[in-house]
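What follows is a short report on a single structure.
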Amino acid sequence: MTEYVEYYALKNLENGKYPIILSENIDDYKFFKKGKNKILLWDPLKEPFVLESSKVKNKFFLELKSSIKVNREKLVELLIKSGYEEYEKTFSEGEFARRGFIIDIFFEEEEYPIRIEFFGDQIEEIRFFDPFTQRKIGIVESVYLYVPQEFCNFFFNLVDLKNFFFIYEKNFLNKKIIPLQKFLKLTEFIEFLKEQKMEVYYVAKENIRYSYYKKLIENLKFLKGEISKSFIVPEENTVVVSEREIYPVLKTSKKFVLPFREESFFEISPGDTVIHEEEGICSIKGIKRIKTEGKEIDYIELIFKDNQKLFIPFWEIHKIEKYFGKRAFTDFSTNKWVKELVRSKIEVHEFAKKLLNLTARRKVLKGISFRLDEEEEKILNEIILSFPFTETDDQRTAWEETKKDMESENRMDRLILGDSGFGKTEIALRASSMCALKGYQALFLAPTTPLVLQHYRNFSNRLKDFPINVKMLSRLLTKSEEKEIIKDLKEGKIDILIATHRALYDDVRFKNLGLLIIDEEQRFGVEHKEKLRLLREELDTLILSATPIPRTLALSIYGTIDISRIRTPPLGRKEKEVILVNYSLIEIKRAIERELKRGGQVLYIRNRISPLKEIKEKIKSLFPDVECEILHAKKSNEEIENILVNFILGKIKILIATNILETGMDFDNANTLIVERPDLFGLSELYALKGRVGRRDKKSYVYFLLPHKLSERARERIITVKRYNYPGAGEKVALKDLEMRGPGELFGKKQKGFLKGLSITFYLRLLEEEIKKLKGETLPKRKVDIIPYSSLYFPSYLGEEDKIFIARSLFTAESVEEIDCIIDEYKDRFGKPDDSTLRIFKLAYAFLKAKKENISKIKIFKDYIYTE
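For the sequence shown, the working numbering assigns the number 254 to the initial residue and increments by one for each residue that follows.
Now the structure itself:
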């Protein structure tokens, strides 16, 4: 079989076709692949790569590798000229960052950004790093930048240019290639591959789908790469399958990578309000270097009531937690905070006892095991393969966790947390299919009729070729249709029911209900939630949400229900631009005009029915020739469906609606949202509304038309939605909602409220400590005296946020391995640490040891550390 070689190049800008990656003589491609390292081909001027003939043609490349000299300023100039934007950290394609002798670059068409470390102008090392953690992944031997010949003079002062050669797919060994026939159904394609007596190669950038195909097709092999078409080579008895052809992905010029650390919502920055565990509520001003007794120490400056100041050494940052509530700053000259803390600990102790009992009870509750036999498993894999989009790692993990829960004999109670469009519904489809294949019924509840209709259409289209019967129950049905569905449910003829709260009425009964799925639980009423709570105690339950209600999120944090997070946005998802303006017809006209000019559609939301007619009249006066329509819950079923269908088809350009569209609806071409009076919406409602636009690869705009007067609470909600504006920020918004409203009663009906208004982070720390005490576990020592006899401060080139983040990471670490990772990240991002920073690292190890071994005192000198 011919050798396959990875080829990374920019796609043709006109038709998206890649050059082929096949060659018999691997020596021709010695620069394209060295060992396990990928070679990056980058076109800084975005010139199409694909040649117009099959003949070999010279091209020029700039080679970057260790030990060569490169003018750093010239390289930065090249990046800027090429349209790259500079940021403090690099998260997405087309971005770069620089810190001292380090330059980070996220080249387009690359999976990971690279980090180039210099010594002066000499490259010391080039490495890939993970934008999530900012940590090194692996060393890169060389990077080659494509240079169009007419622009070569620009590079002469950098390094020598290299020649490369290109070969096309029709040059494939001069052997006959037969394009693979097109299949109308995926099931037919799978059957075709099963019947082949030839070797079958599956070519894809990732092996996620291959892992499912492999379960169905025995003689299947995987090749990492990307080709434009599937084909057969008869002489080699080989079928080559292109994943890119079977599953066309979004064409996008920029990939967004979610910058999310596990603790990032609780990271502390200068200006934040915090709780100091011994002194109370205050704000953190920043880090100040203070010289005393011949040594310099970095101190954290805290501001309390009446501008009272407290300076604490940076290693005591573990005593500080972020605070989002409304309580006034503490007067630390009194002992009021200490008394309050004692009372809180007593209440937390009582709550911890109840929580442990609830968790223990949940673990022994028996559920249904949905473990499939071999044939059922094959059908489920075919259903999974019919998913037209690329599965993200987070999505795959969420599915594996859900499937494992369903296969066990214990009752599942899992929250799938992820933004709109991140793939939660796909998990629901797989789970409900698994339930149906095992002979049980699944109920999928959605809060609105339009959303039920959308889910029903998606499920019906995906499952039409499989032995699963899907039906819908909502206001869109006639009485006779509704009566027939209720009858079929009772007789077990329906496998999956997608419904509004209508399914919770007493006349709706199932023959063999095994799985309950709740989409956006926060949109159901209190009485419906109580009925759902009773159902959840009997059934395997899956909750889907971008911003769950505080009580559900609190339960997941407490560990009482399981949680799967889908944080990686789909390919092509972009940030939305949130624009806050006072109500103005001029702004409305400008926003609509811009969207219509690029062929898009507009959503205009007002959460009252009465003003909608007047809004339509105003918009028609501005755009008399543009089709616009009103949508609200009091319209007839037929009207609602017709309006939605016409908007999806693009016949209606402007849709004026209430928050009936708040949850889950998917409008591919709607990329401008205008919300009038956003102050009348809750936090999760605003975030959900924002998710109605920008679900594909176009930049989207969200306008909040503000009244002239805003309450403080409303302002905080709106600012929160604007601040957490990138894809995947729903969890942070939910945490903010939890902080503002409290988790409510875990053992009652109340959905909001908090113990003493404590910070969620501080409260959870107290709760964790009480649970450990009740379990009889030894708590780590928190009181350790540190006495410095030498200077301890961070380098001046670090920003204050970085200093605070590094100090907090080091002195809250729970293991040596965690500290090792933090130090590796520091070296990776900032280069070689100076002597003072090295002492801080040593102190972090000693502090961790002191906590675990009950050491009460640490003395740190210039060259060594002494403990007692």
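Even glycine gets a Cβ: it sits at the ideal position worked out from N, Cα and C.
Taking 9 Å as the cut-off, decide whether the C-beta atoms of Ala695 and Ile621 are in contact.
no
Any contact between the segment 482-499 and the segment 450-459? By contact I mean 3 or more CB pairs, one from each, below 8 Å.
yes
Among Asp646, Asn912, Thr911, Asn895, which residue has its Cα nearest to the Cα of Lys904?
Asn895
Apply the 10 Å Cβ neighbour rule to Gly671 and answer buried if 16 or more other Cβ atoms are within range, or exposed otherwise.
buried
Could you work out which residue in Pro641, Phe1094, Lys1036 is closest to Lys1056 when comparing CA atoms only?
Phe1094
In whole angstroms, what is the alpha-carbon distance linking Tyr1042 and Glu549?
10 Å
If you follow the beta strand (DSSP E) that Asp772 is part of, which residue opens it and which one closes it?
First-last of the beta strand (DSSP E) with Asp772: 766-772.
Would Pro703 be called buried (16 or more neighbouring beta carbons within 10 Å of its own) or exposed?
buried
Measure how close the beta-carbons of Ile832 and Val986 come, nearest whole angstrom, since I'm counting them as under 8 Å.
Not confirmed; about 18 Å, so no contact.
Can you look up Thr505 in the DSSP assignment and give me helix, strand or coil?
With a pLDDT of 37 at Thr505, under the threshold of 50, the predicted position of this residue should be treated as unreliable, and no value is reported.
Considering only their Cβ atoms, is the gap separating Asn711 from Thr678 smaller than 9 Å?
yes
Proximal residues to Glu532 (C-beta, below 6 Å), its chain only, five neighbours per side dropped
Phe585
Closest Cα partner of Lys619 within the set Glu662, Lys438, Arg930, Ile819
Glu662
Does DSSP put Met451 in a helix, a strand or coil?
coil
What did DSSP end up calling Thr911 once you bin it into helix, strand or coil?
coil
CB-CB under 6 Å to Ile573, same chain, minus the five flanking residues each way: which ones, in chain order?
Val527, His529
Determine the direct distance from the alpha carbon of Ile1108 to that of Thr1031, and round the result to whole angstroms.
14 Å
Helix, strand or coil for Gln854? Go by DSSP, reduced to three states.
strand
Give a yes or no on contact between the segment 965-976 and the segment 929-945, applying the rule of three or more CB pairs nearer than 8 Å.
yes
Just to confirm, are Ile461 and Thr643 a CB contact at a threshold of 9 Å?
yes
When the distance is taken between beta carbons, is Leu742 closer than 9 Å to Leu706?
No, Cβ-Cβ distance for Leu706 and Leu742 is not below 9 Å.
Between the beta-carbon of Val396 and the beta-carbon of Lys327, is there less than 9 Å?
In this structure, Lys327 does not lie closer than 9 Å to Val396 by Cβ.
Would the beta-carbon of Thr909 fall within 9 Å of that of Leu838?
Note that residue 909 is Ile in the sequence shown here, rather than Thr. For Ile909 and Leu838, no; Cβs fall outside 9 Å.
Which same chain residues, not among the five before or five after Leu788, have their C-beta less than 6 Å away from its C-beta?
Leu769
Under the three-state DSSP convention, the category Tyr956 falls into
strand
What is the DSSP secondary structure of Asn711, counted as helix, strand or coil?
It is helical.
Which of the three DSSP states, helix, strand or coil, is assigned to His529?
strand
Delimiting residues of the alpha helix (DSSP H) encompassing Leu795
Per DSSP, Leu795 belongs to no alpha helix (DSSP H); it is in the beta strand (DSSP E), 793-798.
Among the candidates Ile632, Glu653, Lys887, whose CA atom is the shortest distance from the CA of Asp718?
Ranking Ile632, Glu653, Lys887 by Cα distance to Asp718 puts Ile632 first.
Inter-residue spacing [alpha-carbon to alpha-carbon] between Lys829 and Tyr977:
Using only the alpha carbons, I get a separation of about 10 Å.
List, from N- to C-terminal side, the alpha helix (DSSP H) runs of 4 residues or more that fit wholly inside the segment 856-898.
865-875
Strictly by DSSP, which residues pair up with Tyr1119?
In DSSP, Tyr1119 forms a bridge with Lys1112.
Pick from Gln648, Ala967, Glu441, Thr911: whose alpha carbon is nearest that of Glu932?
In the sequence under discussion, the amino acid at residue 932 is Asp, which differs from the Glu named in the question. When each option's Cα is compared against that of Asp932, the closest is Ala967.
Classify Ile739 as helix, strand or coil using the three-state DSSP reduction.
Correct three-state label for Ile739: helix.
Compute the Euclidean distance between the alpha carbons of Asp1073 and Ala1066, then round it to the nearest angstrom.
10 Å
Nearest CA to the CA of Ile747: which residue from Asp759, Arg755, Leu726?
Leu726
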